[in-house]
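Here the sequence shown is numbered in the working numbering, starting from 293 and rising by one per residue.
The C-beta atom is built at its ideal place from N, Cα and C for all residues, glycine as well.
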Amino acid sequence: MENKLRTWLAALICALVIICAGTAVILVWNPGNLEKIYQKQIQVADKYFIDGDYENAVISYQTAIQKDKKKEEPYQRLAMIYLSRNEMALAKDILNRGILNTSSPNLQLMWAKYFEEGTVTANTKTEQETQTDRKLKTKNKNLNKEKKETQGEEETHQGEFFPVDGQVIDAVTGEGASGALINVRAEGKEMGEILANAVTDANGEYVLELESGYYLAEIELDGYMTEYFEMAVDAFGDIENGQFVLSPEVGSGQIRIVLEWDAAPRDLDSHLEGALSDGTIVNIFYRNKTLEAGGEEIISLDVDDVDGYGPETTTINDINGKYRFYVIDFEQEGTLGENGATVKVYMPGEEEPIVITAPADAGNEWDVLQIEDGKCIH
Numbered sequence: 293m294e295n296k297l298r299t300w301l302a303a304l305i306c307a308l309v310i311i312c313a314g315t316a317v318i319l320v321w322n323p324g325n326l327e328k329i330y331q332k333q334i335q336v337a338d339k340y341f342i343d344g345d346y347e348n349a350v351i352s353y354q355t356a357i358q359k360d361k362k363k364e365e366p367y368q369r370l371a372m373i374y375l376s377r378n379e380m381a382l383a384k385d386i387l388n389r390g391i392l393n394t395s396s397p398n399l400q401l402m403w404a405k406y407f408e409e410g411t412v413t414a415n416t417k418t419e420q421e422t423q424t425d426r427k428l429k430t431k432n433k434n435l436n437k438e439k440k441e442t443q444g445e446e447e448t449h450q451g452e453f454f455p456v457d458g459q460v461i462d463a464v465t466g467e468g469a470s471g472a473l474i475n476v477r478a479e480g481k482e483m484g485e486i487l488a489n490a491v492t493d494a495n496g497e498y499v500l501e502l503e504s505g506y507y508l509a510e511i512e513l514d515g516y517m518t519e520y521f522e523m524a525v526d527a528f529g530d531i532e533n534g535q536f537v538l539s540p541e542v543g544s545g546q547i548r549i550v551l552e553w554d555a556a557p558r559d560l561d562s563h564l565e566g567a568l569s570d571g572t573i574v575n576i577f578y579r580n581k582t583l584e585a586g587g588e589e590i591i592s593l594d595v596d597d598v599d600g601y602g603p604e605t606t607t608i609n610d611i612n613g614k615y616r617f618y619v620i621d622f623e624q625e626g627t628l629g630e631n632g633a634t635v636k637v638y639m640p641g642e643e644e645p646i647v648i649t650a651p652a653d654a655g656n657e658w659d660v661l662q663i664e665d666g667k668c669i670h
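The following block contains the structure:
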């Protein structure tokens with residue numbers, strides 16, 4: 293009896309082995325199944341990524357790599373998460389692995405952008421941490437609002453005041469602008485009654501008490517251009533477009549170009565090409581941020597933002613050259629025109645900047661303007 297039982301168990305084990313082996317063969321010889329498994333996993337990871345749940349996104353992208361190590365997407369997304377958290381060693385490691393496994397030109401470009409000499413460093417990221425935290429907080433507010441709306445809790449709170457916070461950013465340094473005075477008036481009324489005001493703290497952050505509605509914010513700071521920004525507070529007290537970018541005053545021989553956009557695409561890149569007034573060739577972008585002559589900085593990409601909103605700022609100290617300024621979506625998402633990208637051009641002697649908005653059909657590249665002999669053509 294015991295021998296029969298052993299024989300039966302052995303036969304059962306052999307059968308199970310054959311079934312498992314057959315299943316494995318089917319998966320191996322049916323790449324469509326493997327692709328479906330990978331696509332399902334990457335969709336889960338992308339959902340975590342979009343929702344700002346980076347811990348689960350990291351786990352899910354790593355699982356996606358295990359499913360198919362030849363795909364570039366999970367390496368790219370993981371690198372962006374690590375960079376946003378200033379985890380530079382992890383970002384380097386995942387990009388190295390991705391380049392080795394996929395030979396992806398996009399991953400090679402990311403490596404060149406963030407880790408070749410003269411590009412973003414850990415210290416630069418540390419200076420941007422406050423701004424990044426504010427962006428993530430704004431995103432979380434929007435997600436909470438969407439959840440409320442889904443649950444049918446949307447309602448107006450007439451007469452209720454909310455603490456509304458945001459940040460004023462220096463266009464040249466990318467850091468918070470301390471001591472800026474913010475006067476809030478009714479929308480469209482530059483000289484109307486001041487409804488609320490605040491002064492930014494050491495990090496450029498502010499808090500205002502406002503009802504839901506649409507407003508105009510006037511921002512003043514010594515040494516900077518005074519500017520007006522539209523702002524909106526929704527029915528839940530969440531502010532839309534609460535980041536205000538201020539440009540230092542431009543000199544008589546200086547032009548400044550400032551690019552801003554929404555939360556997506558995460559990384560828009562400014563490019564300036566052309567020639568100085570003496571014929572010197574100009575090609576300013578994230579891998580070549582400055583052009584010097586005679587020990588002086590002639591053109592510089594002052595700020596290169598990589599996690600949404602901007603700013604990206606280019607300062608020109610030779611206004612008599614001939615230049616072309618254009619914008620490229622680094623991640624090639626094809627949505628540049630759908631996410632509120634705007635360019636402000638600060639010209640010498642002008643009290644207000646020229647504002648240019650991306651056309652709705654702009655995909656991955658936007659040809660914005662030309663500068664010829666001190667004049668802006670757009």
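Contact under 9 Å by Cβ, residue i with residue j
| i | j | result |
| --- | --- | --- |
| residue 602 | residue 552 | yes |
| residue 599 | residue 372 | yes |
| residue 498 | residue 472 | yes |
| residue 466 | residue 605 | yes |
| residue 560 | residue 621 | yes |
| residue 617 | residue 573 | no |
| residue 531 | residue 520 | no |
| residue 575 | residue 564 | yes |
| residue 566 | residue 615 | yes |
| residue 468 | residue 492 | yes |
| residue 351 | residue 367 | no |
| residue 501 | residue 453 | yes |
| residue 275 | residue 588 | This structure gives no information on residue 275, because the portion of the chain shown stretches from 293 to 670. |
| residue 356 | residue 374 | no |
| residue 668 | residue 486 | no |
Counted within 10 angstroms of its Cβ, other Cβ atoms place residue i as buried (16 or more) or exposed
| i | result |
| --- | --- |
| residue 257 | What the structure shows of the chain is the stretch from 293 to 670, and residue 257 is not part of that stretch, so it cannot be assessed. |
| residue 610 | buried |
| residue 659 | exposed |
| residue 404 | exposed |
| residue 360 | buried |
| residue 557 | buried |
| residue 585 | exposed |
| residue 513 | buried |
| residue 429 | Model confidence at residue 429 stands at a pLDDT of 49, short of 50, so the residue's coordinates are unreliable; what they give is reported in the following sentence. Counting Cβ neighbours within 10 Å, residue 429 comes out exposed, since fewer than 16 surround it. |
| residue 458 | buried |
| residue 394 | buried |
| residue 483 | exposed |
| residue 333 | buried |
| residue 670 | exposed |
Residue nearest to residue i in terms of C-alpha spacing, selected from the options
| i | options | result |
| --- | --- | --- |
| residue 526 | 456, 649, 388, 351 | 456 |
| residue 358 | 500, 390, 649, 341 | 390 |
| residue 515 | 539, 534, 384, 493 | 539 |
| residue 480 | 580, 524, 453, 402 | 524 |
| residue 631 | 655, 513, 647 | 655 |
| residue 652 | 626, 501, 348, 476 | 626 |
| residue 337 | 464, 613, 348 | 348 |
| residue 641 | 649, 661, 666 | 666 |
| residue 344 | 376, 331, 513 | 376 |
| residue 608 | 340, 579, 662 | 662 |
| residue 354 | 650, 571, 370 | 370 |
| residue 406 | 383, 393, 396 | 383 |
| residue 392 | 362, 648, 374 | 362 |
| residue 537 | 518, 547, 545 | 518 |
| residue 503 | 478, 379, 624 | 478 |
| residue 570 | 613, 587, 535, 547 | 613 |
| residue 464 | 340, 619, 638 | 638 |
| residue 535 | 541, 545, 547, 509 | 509 |
| residue 380 | 356, 395, 408 | 408 |
| residue 533 | 555, 388, 583 | 555 |
| residue 397 | 328, 624, 636 | 624 |
| residue 401 | 579, 583, 594, 636 | 579 |
Expected contact under 8 Å - CB spacing of residue i and residue j to nearest Å
| i | j | result |
| --- | --- | --- |
| residue 495 | residue 474 | Actually they are not in contact, since the Cβ atoms of residue 495 and residue 474 sit about 14 Å apart, beyond 8 Å. |
| residue 365 | residue 399 | Not quite, the Cβ-Cβ distance comes to about 10 Å (not below 8 Å), so this is no contact. |
| residue 577 | residue 562 | 7 Å |
Any non-hydrogen atom of the ligand SAH closer than 8 Å to residue i Cβ
| i | result |
| --- | --- |
| residue 494 | Absent from the structure shown: the ligand SAH. Ligands present: none. |
Chain C contact for residue i (CB, 9 Å cutoff)
| i | result |
| --- | --- |
| residue 408 | This model lacks chain C altogether, as it is built from one protein chain only. |
Identify every run of the beta strand (DSSP E) within the segment 526–552, keeping only runs that are complete inside it and at least 3 residues long; order them along the chain. 535–538, 547–552
Every unbroken beta strand (DSSP E) within the segment 445–509, with a cutoff of 3 residues, ordered by chain: 454–462, 473–478, 488–491, 497–502
What runs of the beta strand (DSSP E), each 3 residues or longer, lie entirely inside the segment 597–634? 604–608, 614–621
What are the uninterrupted segments assigned as alpha helix (DSSP H) that are 4 or more residues long and contained completely in the segment 344–383, given in chain order? 346–359, 365–376
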